[in-house]
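Numbering (our numbering), first residue to last: 6 to 316. We treat Cβ as the ideally placed atom computed from N, Cα and C, and that holds for glycine. Encoded as structure tokens, the structure appears first; notes follow it.
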Amino acid sequence: MIKSLLFWIIKDFHETFIYNVFKDFVFPLFLALVSGFLAWYFFFRQIMNERQKNTESKLTELRNKLTYFAMITHNSIENAKGQNSYLKLVIADFDREGINLIYWRKYPTYDLKIIAEKIDIESYLLSYLNFYDGKDKIQNLNDFKSIIDSCGVINEIFEMSNNDLKSKFEFDTKIKTEYTTILTECAKLFGESLYKHKTENNPLFKDLFNIHNNSQIIQSCPVEQIMKVQHEVFVIPTLNLLDSWHRDRIEFDNYTGELWIKVKEASDIFNNLITEAFRLRSMFAENYVYINRLILKLENSSQKLRDDFMK
């Protein structure tokens with residue numbers, strides 16, 4: 006009897022209002038909600054996955070960018086140390102060569118030039134600050150600025166030093182040509198004055214003749230020392246002698262008077278060469294010390310960057 010009753014209830018339930026509402030409204034609504042939720046869930050997961058991939062991609066790009074920046078900063082330090090050691094050799098060349106031509110000793114400085122002249126500073130600054138976000142922003146900004154400024158100044162000093170030596174080369178070439186021309190005139194005037202004093206049996210002949218004998222060593226000295234030896238054994242002794250004659254109120258003939266003027270010019274030219282060489286040598290010595298300080302500053306300001314990305 007119970008089975009008959011259940012059968013009757015179930016049979017009649019299919020025909021009830023509640024069943025029809027559930028079948029025609031609630032169940033389809035439930036299926037729609039489930040479908041919508043699943044669609045939303047998979048869409049949301051896709052967006053989150055894309056965002057995660059994008060974030061990871063940006064982080065990878067950021068790390069790659071700062072790894073490159075750390076690498077060229079490290080190389081720039083090595084560039085600066087290498088070129089500065091060569092600058093020290095140039096200073097030694099000045100001490101050894103004096104007025105002779107000095108050439109720039111070139112060390113590879115490619116990465117130093119990249120930071121000083123080529124990289125997009127704003128882009129790297131933003132990457133640097135983004136990576137170190139949440140920490141001491143002012144200190145990070147100062148560190149980055151110190152890296153860029155130090156590389157820029159070091160590179161500029163090296164460029165200026167190279168240009169200074171090029172200018173010195175041009176100056177020396179021009180001035181030495183003038184010196185050679187004047188010295189040729191001096192030799193001619195000296196010979197004519199020597200001959201005139203000998204012909205007139207002038208007692209001053211002996212002084213000139215001694216200079217003439219002493220200056221014969223010029224013919225056997227190395228080429229790179231000729232100008233220095235000429236100055237020491239011919240120009241200065243002749244100038245000193247004629248100055249002393251002038252102080253003693255000895256009257257000069259045309260040859261001797263013209264010789265006095267020319268050896269003064271030759272002496273001035275030589276002294277200008279010495280002065281210019283000393284000026285550059287002193288400037289390079291100051292630059293060498295200053296660059297060493299900049300290298301130390303560059304090492305300190307980039308230490309964190311290199312520790313984080315050069316491991």
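### Task
Mark Leu117 as exposed unless 16 or more other C-beta atoms lie within 10 angstroms of its C-beta, in which case mark it buried.
Answer is buried; the Cβ neighbour count reaches 16.
### Query
Three-state secondary structure (DSSP) at Ile120?
The answer is helix: DSSP assigns Ile120 an H, G or I state.
### Query
Would DSSP call Asn1 helix, strand or coil?
Because the chain in this structure spans residues 6 to 316, residue 1 falls outside the shown range and cannot be described.
### Query
Is Asp273 helix, strand or coil when you go by DSSP?
Per DSSP, reduced to three states, the secondary structure at Asp273 is helical.
### Query
Who are the Cβ neighbours of Leu170 in its own chain at under 8 Å, not counting the five residues just before and after it?
Only Val95, Ile107, Tyr108, Trp109, Leu285 meet the Cβ criterion.
### Task
Please check the pair Ile223 and Val240, which I expect to be a contact at CB under 8 Å, by giving their CB distance rounded to whole angstroms.
Taking a contact as a CB-CB distance under 8 Å, the pair Ile223 and Val240 does not count as one, their CB atoms being some 11 Å apart.
### Query
Does the distance from the C-beta atom of Asn323 to that of Thr114 stay below 7 Å?
Since the first residue shown for the chain is 6 and the last is 316, residue 323 is missing from the structure and cannot be characterised.
### Query
So, helix, strand or coil for Cys191, using DSSP?
Of the three classes helix, strand and coil, the one that applies to Cys191 here is helix, per DSSP.
### Message
Please state the DSSP three-state secondary structure of Trp250.
### Response
Helix.
### Message
Applying the 10 Å Cβ sphere with the 16-neighbour rule, what's the burial state of Gln221?
### Response
The residue in question, Gln221, is exposed, as its Cβ has fewer than 16 Cβ neighbours within 10 Å.
### Query
Cα-Cα, which of Ser90, Thr65, Tyr133, Gly103 is closest to Ala75?
Check the Cα spacing between Ala75 and each of Ser90, Thr65, Tyr133, Gly103: the tightest is with Tyr133.
### Query
Whose C-beta lies closer than 7 Å to the C-beta of Cys191 among residues of the same chain, with five residues either side of it excluded?
Excluding five sequence positions before and after Cys191, the CB atoms of its chain that fall closer than 7 Å to its own CB belong to Leu264, Lys267, Val268, Ala271, given in chain order.
### Task
Select from Asn206, Ile274, Leu64 the residue whose C-alpha is nearest the C-alpha of His236.
Nearest C-alpha to His236: Ile274.
### Query
If you draw a straight line from the C-alpha of Asp138 to the C-alpha of Gly87, how long is it?
When rounded, the distance between both Cα atoms is 34 Å.
### Task
Look at the alpha carbon of Pro242 and the alpha carbon of Met288, and state the distance between them as a whole number of angstroms.
One C-alpha to the other measures close to 32 Å.
### Task
Since I believe Lys203 is in contact with Phe195 (beta carbons under 8 Å), could you give me their beta-carbon distance rounded to a whole number of angstroms?
In this structure Phe195 is not in contact with Lys203, their Cβ atoms being roughly 12 Å apart against a cut-off of 8 Å.
### Task
Taking Leu131 as part of the alpha helix (DSSP H), name the residues at either end of that continuous run.
First-last of the alpha helix (DSSP H) with Leu131: 126-136.
### First through last residue of the alpha helix (DSSP H) which encompasses Gln368
Here the chain comprises residues numbered 6 to 316, so residue 368 is not present and cannot be evaluated.
### Task
Following the continuous alpha helix (DSSP H) through Lys233, name the residue where it begins and the one where it ends.
If you look at Lys233, you'll find it in the alpha helix (DSSP H) that goes 231-235.
### Query
How would you call Met315, buried or exposed, if buried means at least 16 neighbouring beta carbons within 10 angstroms?
Burial state of Met315 is exposed, judged by a 10 Å Cβ sphere holding fewer than 16 other Cβ atoms.
#### Entry: Whole-angstrom distance between Phe176 and Asn206, CA atom to CA atom
Between Asn206 and Phe176, the C-alpha separation is close to 44 Å.
### Message
Can you tell me whether Asp141 is helix, strand or coil according to DSSP?
### Response
In the structure shown, Asp141 sits in coil (DSSP, three-state: anything other than H, G, I, E or B).
### Task
Give every residue of the same chain whose Cβ lies closer than 8 Å to the Cβ of Ile152, excluding the five residues on either side of it in the sequence, and list them in chain order.
Cβ within range, chain order: Thr78, Ile120, Leu303, Ser306, Ser307, Leu310.
### Message
Among Ile255, Val228, Ile296, whose alpha-carbon lies nearest the alpha-carbon of Glu102?
### Response
Nearest option by C-alpha distance: Val228.
### Query
If you count every other CB in all the chains shown that lies within 10 Å of the CB of Ile296, and 16 or more means buried, which is it?
Its Cβ being crowded by 16 or more others within 10 Å, Ile296 is buried.
### Task
Kindly list the residues whose CB is nearer than 7 Å to the CB of Leu130, restricted to its own chain and excluding five residues on each side of it in sequence; keep chain order.
Only Phe149 meet the Cβ criterion.
### Task
Have a look at Val294 and Glu164 and give me their C-alpha separation to the nearest angstrom.
Each residue's alpha carbon lies about 16 Å from the other.
### Span of the alpha helix (DSSP H) around Asp212
From DSSP, the alpha helix (DSSP H) with Asp212 extends over 210-219.
### Message
Quick test of your reading: Asn277 and Ile180, contact by CB under 8 Å. State the CB separation rounded to the nearest angstrom.
### Response
Their Cβ separation, rounded to whole angstroms, is 6 Å, which keeps Asn277 and Ile180 in contact under 8 Å.
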